[in-house]
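Going by this note's numbering, the residue at position 139 of the sequence shown is 139; the numbering climbs one at a time, nothing skipped.
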Amino acid sequence: MIRRFDDPECLSHAAADLFVQLARKAVYERGRFSVALSGGKTPLRTYQLLAQRPWRDQTPWTNIHFFWSDERCVAADDDRNNARMAKRALLNHVPVPSAHVHPIRCDADSKAGAAHYNALLRTHFSAKAPALDLVFLGLGRNGHTASLFPFSPVMEQKKRWAAEVYVIEQQMYRATLTPTLINAARVVAFLVSGSEKAQIVETVLEGETDTRRLPAQLIRPYNGQLIWMLDQTAASRLTAHTLQGEIHYEP
Ligand code: 6PG
């Protein structure tokens, strides 16, 4: 499903609404809401909105478990750390029990950090079939998502739910959820805005399928819902055919 928004602010409001709606539904149905947050710049505004009224008052914070779709293997207080961004924008301002916040710690050793996260996820889902209720993802201009970068061997990981990866382009180790876990989610929502993303959005959604070159194309939930939340500029190269059935969000 594609949802198109007038601008990044509208997109962020809709993403915050989606988070609250899914959190309330999951807590009502299963007593808890397990969400994986994306890093990068795009989701920042959504996280900030969730810490404000009305969203903060509508959300069952004490029943939510926060995970990350990926992490840069840098110190927790490094500006590039995804968990640090989400804590400053949201988690430091809402009553989530600290035991429910599960950052990926991989700065000392990416392999050990990813292995620990893998074990943590298996404990959380008591090794049954995992099902995150919501995964937020971004889209890089080269078609990466989470830390699934083009031609990376991590995409071949079929059994593990989290894995370490060396990102050559950034000369940085990262840890990422694997497509196996992401595709088991109930809802996966890409948040993409900006004219600089229009070309890659068109390539991913309308181009040839080439998942090694375009890892975002690997994201196809087995039973869950895939939502592309795009602002007008990021969606500007999509054809009417692709957009058919899209929901144009009225603020
Ligand atoms: C990260 C993200 C990454 C991000 C995309 C888009 O850790 O950087 O997980 O996959 O979502 O690169 O980033 P922007 O939202 O900043 O464009």
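The beta carbon of each residue, even a glycine, is placed where N, CA and C say it ideally should be.
All values derive from a computational prediction rather than experimental measurement.
Residue i, DSSP secondary structure in three states
i    : result
E169 : helix
D17  : helix
A175 : strand
V101 : strand
E164 : strand
D57  : helix
V204 : helix
P251 : Because P251 carries a pLDDT of 40, less than 50, the predicted location of this residue cannot be relied on, and the following value inherits that uncertainty. Coil at P251, not helix or strand.
Y222 : coil
N92  : helix
R30  : helix
S126 : coil
K87  : helix
R45  : helix
Y244 : A quick correction: the sequence has Gln, not Tyr, at residue 244. Three-state DSSP puts Q244 in coil, outside helix and strand.
R24  : helix
G194 : coil
According to DSSP, residues forming a beta bridge with residue i
i    : result
V35  : F66 and L134
A189 : F136 and I227
L286 : In the structure as shown, the chain begins at 1 and stops at 251. Residue 286 is therefore absent and cannot be evaluated.
I277 : Because the chain here runs from 1 to 251, residue 277 falls outside it and cannot be looked at.
R72  : R174
6 angstroms CB neighbourhood of residue i in its chain, flanking five on each side removed
i    : result
S152 : V165
V167 : F149 and R174
P43  : F136 and L191
heavy atom of ligand 1 below 6 angstroms from residue i C-beta
i    : result
T46  : no
N82  : yes
K87  : no
D70  : yes
S38  : yes
K41  : yes
G113 : no
A76  : no
T145 : yes
G140 : yes
8 angstroms CB neighbourhood of residue i in its chain, flanking five on each side removed
i    : result
R32  : A26, N63, I64 and H65
L181 : L121, P130, L132, W161 and A162
V96  : W61, T62, I64 and F66
L139 : T145, F190, V192, K197, I200, V201, V204 and A216
L50  : A16, F19, V20, R56, T59, L90 and V94
Between the CA atoms of residue j and residue i - distance to the nearest angstrom
i    : j    : result
L11  : S193 : 8 angstroms
D79  : K159 : 32 angstroms
Q232 : R84  : 29 angstroms
L243 : D6   : 14 angstroms
C73  : N82  : 10 angstroms
L120 : P54  : 32 angstroms
N223 : V188 : 11 angstroms
C106 : Y47  : 23 angstroms
A76  : A185 : 26 angstroms
H100 : A240 : 42 angstroms
N92  : S98  : 10 angstroms
R212 : M155 : 8 angstroms
H124 : L238 : 39 angstroms
L218 : N183 : 8 angstroms
Y117 : L22  : 24 angstroms
R141 : A235 : 14 angstroms
V35  : T176 : 14 angstroms
A14  : Q225 : 16 angstroms
G113 : W228 : 30 angstroms
Close beta carbons around residue i, own chain, < 7 angstroms, minus the five adjacent residues each side
i   : result
K41 : none
Heavy atom of ligand 2 within 6 angstroms of residue i beta-carbon
i   : result
A75 : No copy of ligand 2 appears in this structure; the ligands present are ligand 1.
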